[in-house]
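Chains as they are written, first to last, in the working numbering: chain A, 1 to 291; chain B, 1001 to 1301; chain C, 2001 to 2401.
Where is the CB? At the ideal position from N, CA and C, for every residue including glycine.
Step one of this worksheet: look at the structure below.
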Amino acid sequence: MTASLLFDILVTGLITGGIYALVALGLNLQYGLMRVLNVAHGEFLMLGAYVTYSLHTGWGANPLLTLLVTGPAAFVAGLVLHRLLYARVLAQAEAREAIESRSLLLSFGLLFVLQNTALLVWSADLQGYSYLATPLRVLGAVFPANRVLAAVVALGLSIAFYVYLRRSLVGKAIRALMEESEGAQLVGVNLTRLHGICFGLGVAMAAVTGSLISMLFELTPFVGLPYTVTALVVVILGGLGNVAGSLLAALLLGVVETVGVYLASSDIRLISSYAVLSLILILKPAGLFGR
Amino acid sequence: MAASRVLLAAVALALAAAPWLVTGYQRSLLLAILADIALAVSWAFFSGPTRYLSLATGAFFGAGAYATAVVGGRLAWPLPVLAGAAVGGAMALVVGALALRLRGPYFAVFTFGLAELAKHTLIWYETRVTGTVGRLLLSPPEPWTLYYTVLGLAGLAVVTALLLRRSRWGYALVGIGEDEERALTLGIDTTRVKVGTFALSAAFMGAVGAAMAPRWTYLDPQVFNPLVSFQTVIMALVGGATTVVGPALGAAFLGLISELFLLRFRYAYMLALGLTLIAVVVAFPSGLAGIGRRAPRERPD
Amino acid sequence: MRIRRRDFLKATGGGAAGAVLRGRAWAQAKPIRIGYTLSATGPYSVGAGITQGTGYALWLEQVNAKGGLAVKGEGRRSVEYVTIDDRSEIETAVRFYEKLMGDDKVDLILPPWGTAMNFAVAPVANKYGYPMIGPTVSSNKLKELSFPYFYAILQQPDACMGAFTGFLKELKGQGKVSKVGVAYVNDLFGIEMHGSLTATLKDTGLEIVDTKSYPLGVKDLSPVLKGFKAAGADVFLGLTYPPDNILAASQAKEVDFNPPVYLAAVGTAFPFYRDRFKGAEGVSGIAGWNPKMKYPGAREYYEAHVKKHQKEPDRWASAFAYGSLQILERCVGEVGLDRKKIKEMLDATEFQTVAGPIKFAKGVNVTTPGMVGQWQKGEFEIIWPKALATAPAIIPKPAWA
């Protein structure tokens, strides 16, 4: 194991993890805060990817610039969906488990609707484009430039959000709700409005991740679910509701998977991630950093 | 109570007589729905009262299907089905013991990871060690045999659910669902109850997987399908997971309308299905089985 | 996939309107109904849409434009499809074929997409006595099956891999290559191709420097490619599928891996692949057909396909899918709609199709050999075997565009 190989593994792992971080963060806001199990999370990612694809191939827009479209649009869509659907379920449900199961059903319905919409608009054919598919040479190792870019942006946004949570008023309100819901409401935090904002932010993060990964992978309307699954794994690994936890868990997962792939073979990737997940949960039932 | 017993008996009779009365396709549709009923009802043994959302159905179903793949050519029917049940149950005992301390979402994701872990480990094993992938089942049982097998499993699942409900274990499960710490202090062996019920539920799922597998001729690790886990949960929840008949209703309802939509809407059936699902959730908070019942009291969070 | 009016009407049960439309055009005979399921959603939908859907639609349009399918002793009768989305679910496909053959009693059936689906549906077709010709079935396991009514028209893994090794052996003899890196996808086709390959590759004298397998849905092949590069492979032999064959090519460029010979099995023959990689100049893969081949109707098929679908047919299985319909057309014309007679004719005849001559022995096409193709100036030229070659091979492969 040379230093160069180690460096290669580490950076590739961080790249993979960086992308996981953003999509997981979005889910954490919904699942961790509101116990909303949004299995349609990956579908928003898929739609964000398709919009960027269309803007880039149709109008020549720079994929990075399209983030300014997909992010805000997804945020608004999330606010609307929350208002129309989830807020009602959250109000009706009498227990946390009921919220979880009812939101699961709702999200599943949403998943079908979103997939079918994408199918009608873009068809089932594989679509993709090439952007920055060039080698980036760093310290003797080679990395794909587009992946590095995607990871840097994803990680950057994740860290920026983490800082926002710590510093801003809205961020403090969100954290307050996550830790002590009733107390937060007593001091005037508007539950429904903040839930809506968090849901919207979650959807926006999924869509932005989608825009980024559209530079790297081919698209079909069915690419969403594996990302939802990864996001779930990361969120649980890091501890539900723990933002810093899911950031670290994402990076850890990325590195673990890459180590497995380099040392053994690519088939090990999924075995290693689920094995690590199982192991950690057995030893720490509330995730690495959960309470 | 007597009226519903009569209704149940009538339905059972109709289903038993069905192969003589319906076409081959309709029998297959009934078969698929009965399999879903068996899965949803057995899922609800454990996840209904305890409120532990298990996403392991795909793993146990797949294990049962794979059991048929391995022994189906050599054992007479219905032995492969028993093998599927045994494999499912055994897997659940191991998983249950490991997942014991996990709550809520942690339990859900852990169980979800199972199907994936099982599938990829199996693929790895098959490619590296045995060097083949997939098996062909060249002389499956007759369609009527499969139908009655699955009908039997669905019926058995419903009966088991009814018996479980009235038993001490059933009450213990409800107690665990309402307040697990309190149940412990009351002297309930929560470990044994949880793991035992989980294994019972998994045995059924394995059996169903084993029973359906002969229909596909070629079986490979793709039979471990995480979508089965989600679909089973959806069916049980739509119907109402805390009742016995709820999951069956949910499975029948979703099975029938998705077939209807698939046949009528060439390009928009997912849209129709999704909207229906959303409408049901919003309109019926207690699931289909709760139609006609009073709305649940609002409990302060 | 845009909704076509005819299909929309069928789907929404516009029976009355449809009958009026049909009634005006073809007043006399009952239409011939051909049933099939095709994955419009789920993982199989990509291949299904590219390879089978287009050919089926094209043939239908052409045959009805002629006034219908000629049936021996009955003259021409219009054709209509009865088709359902199987959602890439095996159970759903099996059930719908039971419906098509058992309940709806269609006249003929066409297969679903993919080996696994065909394995599941073949026993049903066999039970009901409906001949089924599969253009997207390729598996060594076919030898273990005995379904007299099932026919596989595409080249099987042994033939495909035989072509790869024949090609590489020739290059080795010319001193152009010596080290091979093999990557294969962990599913039935990939594993079988790999099995077929390792048996024959040893005889060529080539050194296999590295073999790596990867799961379906892989997200990163750069470790594999970097490993091959480090080991000095001058042949990349990828037993890959879409979308991983696209990932492989895209990442090969990113990690600066450009071996003299780059072979990627499946999906390379799609025009979409060529366009995605700005011509994909020099990339090779499994081939079976291109419009330059001197088969009757090949050029016309190509042009009609482009005209109708605004895209080209793929350079492997598409032509065989269309060819399977030509075969059925000829059978119905000569022996009518008696399915047993059609089966007997399928067993005994050599057919001429746009994909060349086709003859079945024990349900497998034994006339079409395995071929290797290479993208050169926008066409997937056949570069091996020499007898069928439409252009010489370009070795080494030019740099990635």
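Per DSSP, cross-strand counterpart(s) of residue i
{"i": "ASN146(A)", "result": "For ASN146(A), which the question treats as bridged, DSSP gives no partner whatsoever."}
{"i": "SER2284(C)", "result": "LEU2263(C) and GLN2374(C)"}
{"i": "LEU2038(C)", "result": "ASP2085(C)"}
{"i": "THR2353(C)", "result": "GLY2356(C)"}
{"i": "GLY241(A)", "result": "GLY241(A) pairs with nothing; no bridge assigned."}
{"i": "LYS2179(C)", "result": "GLU2207(C)"}
{"i": "ARG167(A)", "result": "In the DSSP output, where bridge partners are listed per residue, ARG167(A) has none listed."}
{"i": "MET135(A)", "result": "Before going on, a small fix: residue 135(A) reads as Pro here, not Met. Looking at the DSSP assignment, PRO135(A) forms a beta bridge with PRO144(A)."}
{"i": "ARG1168(B)", "result": "None; ARG1168(B) has no bridge partner."}
{"i": "SER2213(C)", "result": "TYR2184(C)"}
{"i": "TYR2151(C)", "result": "ILE2133(C)"}
Cβ shell of residue i (< 8 angstroms), same chain only, five flanking positions each side left out
{"i": "LEU33(A)", "result": "ILE174, LEU177, MET178, HIS195, CYS198 and GLY241"}
{"i": "THR2092(C)", "result": "THR2037 and ASP2086"}
{"i": "SER4(A)", "result": "LEU139, GLY140 and ALA141"}
{"i": "ALA1969(C)", "result": "Summary: the structure shown does not reach residue 1969(C), with chain C confined to residues 2001 through 2401, and so no result is reported for it."}
{"i": "LYS2172(C)", "result": "SER2178, THR2204, GLY2205 and LEU2206"}
{"i": "ALA1085(B)", "result": "GLY1064, ALA1203, PHE1204, GLY1206, ALA1207 and ALA1210"}
{"i": "ASP2107(C)", "result": "ILE2032, ARG2033, ILE2034 and LEU2337"}
{"i": "VAL2071(C)", "result": "ILE2032, ARG2077, VAL2332, GLY2333, GLY2336 and LEU2337"}
Through-space distance from residue j to residue i, alpha-carbon basis
{"i": "ALA1083(B)", "j": "LEU1200(B)", "result": "14 angstroms"}
{"i": "MET2293(C)", "j": "THR2390(C)", "result": "7 angstroms"}
{"i": "ALA73(A)", "j": "ARG102(A)", "result": "26 angstroms"}
{"i": "ALA2287(C)", "j": "LYS2253(C)", "result": "23 angstroms"}
{"i": "PRO2369(C)", "j": "GLY2162(C)", "result": "9 angstroms"}
{"i": "GLY245(A)", "j": "GLY238(A)", "result": "4 angstroms"}
{"i": "THR134(A)", "j": "PRO144(A)", "result": "6 angstroms"}
{"i": "VAL11(A)", "j": "GLY224(A)", "result": "25 angstroms"}
{"i": "ASN116(A)", "j": "ILE2394(C)", "result": "43 angstroms"}
{"i": "GLN30(A)", "j": "PRO2111(C)", "result": "44 angstroms"}
{"i": "ALA2399(C)", "j": "GLY2373(C)", "result": "18 angstroms"}
{"i": "ALA118(A)", "j": "GLU1178(B)", "result": "41 angstroms"}
{"i": "ALA1213(B)", "j": "ARG1101(B)", "result": "33 angstroms"}
Minimum C-alpha distance to residue i - residue among the options
{"i": "ASP1220(B)", "options": "GLY1134(B), ALA1032(B), PHE1204(B) and ILE1033(B)", "result": "GLY1134(B)"}
{"i": "LEU1093(B)", "options": "GLY1239(B), THR1217(B) and LYS1194(B)", "result": "LYS1194(B)"}
{"i": "TYR2036(C)", "options": "TYR2081(C), VAL2180(C) and ARG2274(C)", "result": "TYR2081(C)"}
{"i": "ALA264(A)", "options": "LYS2212(C), TRP2289(C), GLN2174(C) and TYR2241(C)", "result": "LYS2212(C)"}
{"i": "LEU1163(B)", "options": "GLY1096(B), LEU1100(B), VAL1245(B) and THR1149(B)", "result": "VAL1245(B)"}
{"i": "ARG2299(C)", "options": "HIS2305(C), PRO2291(C) and ALA2249(C)", "result": "PRO2291(C)"}
{"i": "PRO1080(B)", "options": "ARG1192(B), LEU1146(B) and GLU1259(B)", "result": "LEU1146(B)"}
{"i": "PHE289(A)", "options": "VAL234(A), PHE222(A) and VAL259(A)", "result": "VAL234(A)"}
{"i": "GLY2282(C)", "options": "ILE2383(C), ASP2314(C) and GLY2297(C)", "result": "ILE2383(C)"}
{"i": "VAL2209(C)", "options": "SER2196(C), LYS2226(C) and VAL2218(C)", "result": "LYS2226(C)"}
{"i": "GLU292(A)", "options": "ASN2245(C), ALA2230(C) and LYS2202(C)", "result": "Any question about residue 292(A) goes unanswered here, given that chain A covers just 1 to 291."}
{"i": "TYR2097(C)", "options": "TRP1020(B), PHE1265(B), LEU1122(B) and ARG1215(B)", "result": "ARG1215(B)"}
{"i": "TYR2214(C)", "options": "TYR262(A), LEU25(A), ALA231(A) and ILE15(A)", "result": "TYR262(A)"}
{"i": "PHE2272(C)", "options": "THR70(A), ILE99(A), GLY128(A) and ASN38(A)", "result": "GLY128(A)"}
{"i": "GLN2156(C)", "options": "PHE2270(C), THR2367(C), GLU2379(C) and GLY2378(C)", "result": "THR2367(C)"}
{"i": "GLY1131(B)", "options": "SER2196(C), ARG2276(C) and GLY2378(C)", "result": "SER2196(C)"}
Neighbourhood of residue i by C-beta distance below 6 angstroms, restricted to the same chain and skipping five residues each side
{"i": "ILE236(A)", "result": "GLY287"}
{"i": "ALA1056(B)", "result": "THR1111 and LEU1114"}
{"i": "GLY200(A)", "result": "PHE75, GLY78 and LEU79"}
{"i": "LEU67(A)", "result": "VAL208 and SER211"}
Rounded distance between the beta-carbons of residue j and residue i, thought under 8 angstroms
{"i": "ALA2116(C)", "j": "PHE2147(C)", "result": "Not really, about 15 angstroms apart at Cβ, beyond 8 angstroms."}
{"i": "MET1270(B)", "j": "ALA1251(B)", "result": "At roughly 19 angstroms, the Cβ-Cβ gap does not stay under 8 angstroms, so MET1270(B) and ALA1251(B) are not in contact."}
{"i": "ALA1289(B)", "j": "GLY1255(B)", "result": "About 16 angstroms; that fails the 8 angstroms criterion."}
{"i": "LEU2069(C)", "j": "LYS2308(C)", "result": "That pair is no contact at about 18 angstroms."}
{"i": "ILE1123(B)", "j": "ASN2186(C)", "result": "5 angstroms"}
{"i": "GLY254(A)", "j": "GLY13(A)", "result": "5 angstroms"}
{"i": "PHE1224(B)", "j": "ALA1059(B)", "result": "6 angstroms"}
{"i": "SER107(A)", "j": "LEU37(A)", "result": "7 angstroms"}
Contact with chain F by residue i, beta-carbon distance below 9 angstroms
{"i": "THR1276(B)", "result": "Absent from the structure: chain F. Protein chains present are A, B and C."}
Own chain residues within Cβ distance below 7 angstroms of residue i, not counting five before or after
{"i": "ARG1299(B)", "result": "Bear in mind that the predicted position of ARG1299(B) carries a pLDDT of just 42, short of 50, making it too unreliable to give a figure here."}
{"i": "PHE1284(B)", "result": "GLY1290 and ILE1291"}
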